[in-house]
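My numbering puts the first residue of the sequence shown at 1229, with every later residue one more than the last. Below you'll find the structure, written out as structure tokens, and then a few comments.
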Amino acid sequence: MENRKHCLITGGSRGIGAATAYRFAQAGYKVTFFYRSDEESAQYTRQKIQKLTYDCLAYKVDVRDLDAVQSAVQEAVDTFGPIDVLVSNAGISRIELFTKTTPTEWNRIMDTNIGGLYNLVHTVLPSMISRHSGSIVTVSSMWGVCGASCEVAYSTSKAAIIGFTKALAQEVGPSNIRVNCVAPGVIDTEMNALLDDETRAELCEETPLCRIGNAEEVADAIFYLAEENASFITGQVLGVNGGFIT
Ligand code: NDP
């Protein structure tokens, strides 16, 4: 009887999602990941994981599209079995004054960061409830905790993810499903590729550990929360930020 668990990660082509997909594969999980458009990164990540396990599926699925999410989840479940761990990681950010944020841009951020979370969890949760088992990890940001100037839309969406996590944890705890959140600080991924050297240096200076984090450090925190070692932890937000906020 096959007893390896199945983990689904959104935004798994690069950055934190790719490191997380790799972390679960290292632990023997069957891994499915979704990405939006970056075929090259998705291919690279899939090949890297397949050096550890052939059980890796990658689907080009925009998390904003509920029908696409539902059909890819169904295909993944048909191939690898029910989803034991869901990591809702896909997200976008934008730096601009709130007064410059158009309704289109506002909706794009909300539809991806919160709408995507709804689409994924709404699709995967019923099976977890009926199996009385499962673990969900959401990805917020330290800006969702303390707010960031020029990132009002992003901070709003990331604060909503924390509210979602806490509320859902209460609702599905009796079904033996845990829901937790990581709130990363500044992490060295493409999301921060636009930061110039001066801004990077300032961010390092403001961080008690004196550096920017890396994707693997966030992946380790996600893995910890998802796994049995964290069996009495639910509804929590774990900061992975080098002490930037406490
Ligand atoms: P990246 O920009 O490096 O990667 C984003 C990932 O999300 C990519 O795989 C991308 O796919 C995917 N994605 C984006 N939009 C969609 C969509 N509509 N549908 C499906 N997939 C999508 O980001 P990070 O790895 O840095 O960030 C990952 C998460 O961590 C995000 O939620 C982010 O907000 C959060 N975070 C990041 C921090 C940082 O400093 N980097 C700090 C705090 C939180 P594709 O490659 O195809 O575009």
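Cβ atoms here follow ideal geometry from the backbone N, Cα and C, with glycine treated the same way. The model shown is predicted, which means the values in this text are computed figures rather than measured ones.
| query | What did DSSP end up calling S1363 once you bin it into helix, strand or coil? | reply | Here the question's residue 1363 lines up with position 135 in the sequence shown. Taken through DSSP and simplified to helix, strand or coil, S1363 comes out as strand.
| said: Quick check: does the Cβ of Y1263 come within less than 7 Å of any heavy atom belonging to the ligand NDP? | reply: Taking the first residue of the sequence shown as position 1, residue 1263 is located at position 35. Result yes, Cβ under 7 Å from the ligand NDP.
| said: Here's the rule I'm using: 16 or more other beta-carbon atoms within 10 Å means buried, otherwise exposed. How should T1248 be labelled? | reply: Here the question's residue 1248 lines up with position 20 in the sequence shown. Looking at its Cβ environment, which holds 16 or more other Cβ atoms inside 10 Å, T1248 is buried.
| For T1474, does the count of other Cβ atoms within 10 angstroms reach 16, so buried, or fall short, so exposed? | Within the sequence shown, residue 1474 is the residue found at index 246, counting from 1. T1474 counts as exposed, since fewer than 16 other C-beta atoms from the protein chains shown sit within 10 angstroms of its C-beta.
| K1258 classed as buried or exposed, judged by whether at least 16 other C-beta atoms fall within 10 angstroms | Position 30 of the sequence shown, counted from the first residue, corresponds to residue 1258. Counting every other CB atom within 10 Å of its CB across the protein chains shown gives K1258 a total of 16 or more, marking it as buried.
| field | Separation of M1338 from S1377, as counted between CA atoms | value | Locating residue 1377 in the sequence shown gives position 149, counting from the first residue. Locating residue 1338 in the sequence shown gives position 110, counting from the first residue. Answer to the nearest angstrom: the Cα atoms are 17 Å apart.
| query | Roughly how many whole angstroms lie between the Cα atoms of A1387 and G1343? | reply | Counting from 1 along the sequence shown, the entry for residue 1387 is found at position 159. Counting from 1 along the sequence shown, the entry for residue 1343 is found at position 115. One C-alpha to the other measures close to 14 Å.
| query | For D1295, is the classification buried or exposed, using 16 other Cβ atoms within 10 angstroms of its Cβ as the cut-off for buried? | reply | Stepping through the sequence shown from its first residue, residue 1295 is reached at position 67. Burial call: exposed.
| said: Between I1461 and L1453, how many whole angstroms is the CB-CB distance? I'm expecting something under 8 Å. | reply: The count along the sequence shown starts at 1 and reaches residue 1461 at position 233. The count along the sequence shown starts at 1 and reaches residue 1453 at position 225. Between L1453 and I1461 the Cβ distance is about 7 Å, and since that is below 8 Å, they are a contact.
| query | What is the DSSP secondary structure of I1323, reduced to helix, strand or coil? | reply | Residue numbering aside, residue 1323 sits at position 95 when the sequence shown is read from its first letter. In the structure shown, I1323 sits in coil (DSSP, three-state: anything other than H, G, I, E or B).
| query | If you drop the 5 nearest sequence neighbours on each side, which residues of the same chain put their C-beta closer than 8 Å to that of E1418? | reply | Walking along the sequence shown from the start, residue 1418 turns up at place 190. Annotation for E1418: R1242 and G1243 place their beta carbon closer than 8 Å to its own, counting only its chain and skipping 5 residues before and after.
| query | Which two residues bound the contiguous alpha helix (DSSP H) that contains G1467? | reply | Residue 1467 sits at position 239 when you count from the first residue of the sequence shown. Looking at the DSSP string, G1467 is not in any alpha helix (DSSP H); the run it does join, the beta strand (DSSP E), is V1465 to V1468.
| request: Kindly indicate which residue of F1326, S1321 and E1434 has the alpha-carbon position closest to the one of N1420. | output: Residue numbering aside, residue 1420 sits at position 192 when the sequence shown is read from its first letter. Proximity to N1420 across F1326, S1321 and E1434 peaks at S1321, based on C-alpha coordinates.
| task | State the Cα-Cα distance for the pair V1380 and L1325, rounded to the nearest angstrom. | result | One-based indexing of the sequence shown puts residue 1380 at position 152. One-based indexing of the sequence shown puts residue 1325 at position 97. The straight-line gap from Cα to Cα measures roughly 8 Å.
| said: What does the Cβ neighbour count give for L1466, buried or exposed, with the cut at 16 atoms within 10 Å? | reply: What you label residue 1466 is simply residue 238 of the sequence shown in a count that begins at 1. With a 10 Å radius around the Cβ and a threshold of 16 neighbouring Cβ atoms, L1466 comes out buried.
| If S1383 sits next to G1391, beta carbons under 8 Å apart, how far is it from one beta carbon to the other, in whole angstroms? | Here the question's residue 1383 lines up with position 155 in the sequence shown. Here the question's residue 1391 lines up with position 163 in the sequence shown. Contact annotation, S1383 with G1391: C-beta distance approximately 13 Å; criterion of less than 8 Å not satisfied.
| Does any heavy atom of the ligand NDP sit closer than 7 Å to the C-beta of M1419? | Start at 1 with the first residue of the sequence shown, and residue 1419 comes out as number 191. Yes.
| Is it right to say N1488 is buried, meaning 16 or more other beta carbons lie within 10 angstroms of its own, or is it exposed? | Nothing can be reported for residue 1488: it is not among the residues displayed for the chain, which extend from 1229 to 1474.
| message | Nearer than 7 Å: is that true of the beta carbon of R1242 relative to any heavy atom of the ligand NDP? | response | On the sequence shown, position 14 is the one that residue 1242 refers to. At least one heavy atom of the ligand NDP falls within 7 Å of the beta-carbon of R1242.
| said: Closest to I1389 by C-alpha separation, out of S1369, N1404, I1405 and E1399, would be which residue? | reply: Here residue 1389 corresponds to residue number 161 of the sequence shown, with the count starting at 1. It is S1369 whose Cα lies nearest to the Cα of I1389.
| task | Please list, in chain order, all residues of the same chain as A1270 whose beta carbon is under 6 Å from its beta carbon, the five residues on each side excluded. | result | The sequence position of residue 1270 within the sequence shown is 42, counting from 1. The beta carbon of A1270 sits closer than 6 Å to those of S1241, Y1263 and A1286, all from its chain and outside the five residues before and after it, given in chain order.
| Every unbroken beta strand (DSSP E) within the region 1275–1319, with a cutoff of 3 residues, ordered by chain | For the region 1275–1319, whole beta strand (DSSP E) runs of length 3 or above, ordered along the chain, are 1284–1288 and 1313–1316.
| said: Would S1385 and N1347 be called neighbours here (beta carbons separated by less than 8 Å)? | reply: Counted from its first residue, the sequence shown places residue 1385 at position 157. Counted from its first residue, the sequence shown places residue 1347 at position 119. In this structure, N1347 does not lie closer than 8 Å to S1385 by Cβ.
| Which runs of the beta strand (DSSP E) spanning at least 3 residues fall entirely within the region 1395–1451, listed in chain order? | The region 1395–1451 contains these whole beta strand (DSSP E) runs: 1405–1412.
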